[in-house]
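J.:
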Amino acid sequence: MLKKINIQHCIVVLMASAFLAFGLYNVHSVSGVTEGGILGMSLLLQHWLDISPSISGFVMNSICYAMGWKILGKMFIFYSVLSTIGFSVSYRIFEQFEPLWPNLYQYPFAAAILGAIFVGIGAGVCVRIGGAPSGDDALAMSISHVTGLKIQWIYLISDLIVLVLSISYIPIQRIGFSLLTVIISGQIIGLINKTGTGSATRS
């Protein structure tokens, strides 16, 4: 497997993961606009249990990758784990500084668009390389394999579950903006991987 590892791809994955972490910390965590899947769940746990996404994201992603090991292949798992580490380390670094846009809460529409760009590009580039900074892909593919459900419906269901749970700390009117950012980020990931060779896409 070591012979198949592309150092340039590793660098790109780490940079994309850092880009994603930058957006999650500076946009989503201060704007009241959340994400679906593991990213959204990590923000939920941060709010209620004061657990940093750098920790909760790593734990949940690791569980998902373990579930999908046999289905997704070793190289996908390698790049996914690398991107997860890159995200967690980057987020921990960004936490040492004040958010760049602390007033973004007052502009939920702008936050939804900006957040979607960070998530879409960050996750999209990782997926195009052949991995993912979030275990959503691994989990969705595993569930699809076991149940026979189409993978896009599994993504949608998981995102909706997290958004519904997020109503416990996010005003319901802002959930609409969260849904908007989930839809846009998914489309960006799809566009980036339209001609790519990634193992999974969110569309």
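Here the sequence shown is numbered in my numbering, starting from 2 and rising by one per residue.
Just so you know, even glycine gets a beta-carbon here, dropped at the ideal spot from N, CA and C.
1. So, at 6 Å on beta carbons, what are the nonlocal neighbours of leucine 105 in its own chain, with the 5 sequence-adjacent residues on each side left out?
2. Give a yes or no on contact between the segment 81-92 and the segment 45-52, applying the rule of three or more CB pairs nearer than 8 Å.
3. Using the three-state DSSP reduction, which class does serine 204 fall into: helix, strand or coil?
4. Going straight from the alpha carbon of leucine 45 to that of tyrosine 170, what length do you get?
5. Report the three-state DSSP secondary structure of glycine 74 (helix, strand or coil).
6. Which residue marks the beginning of the alpha helix (DSSP H) containing isoleucine 64, and which one marks its end?
7. So, is valine 34 buried or exposed, given that buried needs 16 or more other C-beta atoms within 10 angstroms?
8. Mark asparagine 62 as exposed unless 16 or more other C-beta atoms lie within 10 angstroms of its C-beta, in which case mark it buried.
9. In whole angstroms, what separates the C-alpha of valine 120 from that of alanine 19?
10. With distance defined between alpha-carbon atoms, name the residue in Ile39, Val82, Gln188, Lys4 nearest to isoleucine 122.
11. One question on the structure: do glutamate 96 and tyrosine 26 come within less than 8 Å of each other, judged by their Cβ atoms?
12. Do proline 194 and glycine 132 have their C-beta atoms closer together than 8 Å?
13. Taking the Cβ atom as the reference point for each residue, do valine 128 and isoleucine 190 lie within a distance shorter than 8 Å?
14. Which two residues bound the contiguous alpha helix (DSSP H) that contains serine 186?
15. Just to confirm my understanding: we take isoleucine 185, look at its own chain, exclude 5 residues before and 5 after, and list those with CB closer than 6 Å. What are they?
16. In the structure shown, what three-state DSSP assignment does leucine 101 receive?
17. Quick check on the burial criterion: 16 or more other C-beta atoms within 10 angstroms. Buried or exposed for proline 103?
18. What separation, rounded to the nearest whole angstrom, lies between the Cα atoms of glycine 109 and arginine 175?
19. If we count the other Cβ atoms within 10 Å of its Cβ and call it buried at 16 or more, is proline 172 buried or exposed?
T.: Taking the structure as given:
1. By 1-based counting over the sequence shown, the position of residue 105 is 104. Hits under 6 Å: Val31, Ser32, Ala112.
2. no
3. In the sequence shown, counting from the first residue as 1, residue 204 sits at position 203. With a pLDDT of only 37 at serine 204, under the threshold of 50, the placement of this residue in the model should not be trusted, and no figure is reported.
4. As a working mapping, residue 45 is identified with position 44 in the sequence shown. As a working mapping, residue 170 is identified with position 169 in the sequence shown. Distance between the alpha carbons of leucine 45 and tyrosine 170 is about 8 Å.
5. By one-based count along the sequence shown, residue 74 stands at place 73. Coil at glycine 74, not helix or strand.
6. If you number the sequence shown from 1, residue 64 lands on position 63. Its alpha helix (DSSP H) spans residues 54-68.
7. For the purposes of this step, residue 34 is taken as the residue at position 33 of the sequence shown. When all chains shown are included, valine 34 counts as buried.
8. Start at 1 with the first residue of the sequence shown, and residue 62 comes out as number 61. Result: buried.
9. The count along the sequence shown starts at 1 and reaches residue 120 at position 119. The count along the sequence shown starts at 1 and reaches residue 19 at position 18. Valine 120 and alanine 19: Cα-Cα distance of roughly 11 Å.
10. Numbered from its first residue, the sequence shown carries residue 122 at position 121. Of the listed residues, the one whose Cα sits closest to isoleucine 122 is Gln188.
11. Here residue 96 refers to the residue found at position 95 when the sequence shown is read from its first residue. Here residue 26 refers to the residue found at position 25 when the sequence shown is read from its first residue. Cβ atoms of glutamate 96 and tyrosine 26: closer than 8 Å.
12. As a working note, residue 194 is residue 193 in the sequence shown. As a working note, residue 132 is residue 131 in the sequence shown. Position check: residue 194 holds asparagine in this sequence, whereas proline was assumed. No, Cβ-Cβ distance for asparagine 194 and glycine 132 is not below 8 Å.
13. In the sequence shown, residue 128 corresponds to position 127, counting from 1. In the sequence shown, residue 190 corresponds to position 189, counting from 1. Their beta carbons are under 8 Å apart, which means valine 128 touches isoleucine 190 by this criterion.
14. The residue you call residue 186 lines up with position 185 of the sequence shown. Per DSSP, serine 186 belongs to the alpha helix (DSSP H) from 173-193.
15. Here residue 185 corresponds to residue number 184 of the sequence shown, with the count starting at 1. Counting only Cβ-Cβ distances below 6 Å, and skipping sequence neighbours, we find Ala117.
16. As a working mapping, residue 101 is identified with position 100 in the sequence shown. In this structure, leucine 101 counts as coil in the three-state DSSP scheme.
17. Reading the sequence shown from its first residue, position 102 is the one you call residue 103. By the neighbour-count rule (16 or more Cβ atoms within 10 Å), proline 103 is not buried but exposed.
18. In the sequence shown, counting from the first residue as 1, residue 109 sits at position 108. In the sequence shown, counting from the first residue as 1, residue 175 sits at position 174. The displayed chain sequence assigns proline, not glycine, to residue 109. Those two C-alpha atoms are separated by around 7 Å.
19. In the sequence shown, residue 172 corresponds to position 171, counting from 1. By the neighbour-count rule (16 or more Cβ atoms within 10 Å), proline 172 is not buried but exposed.
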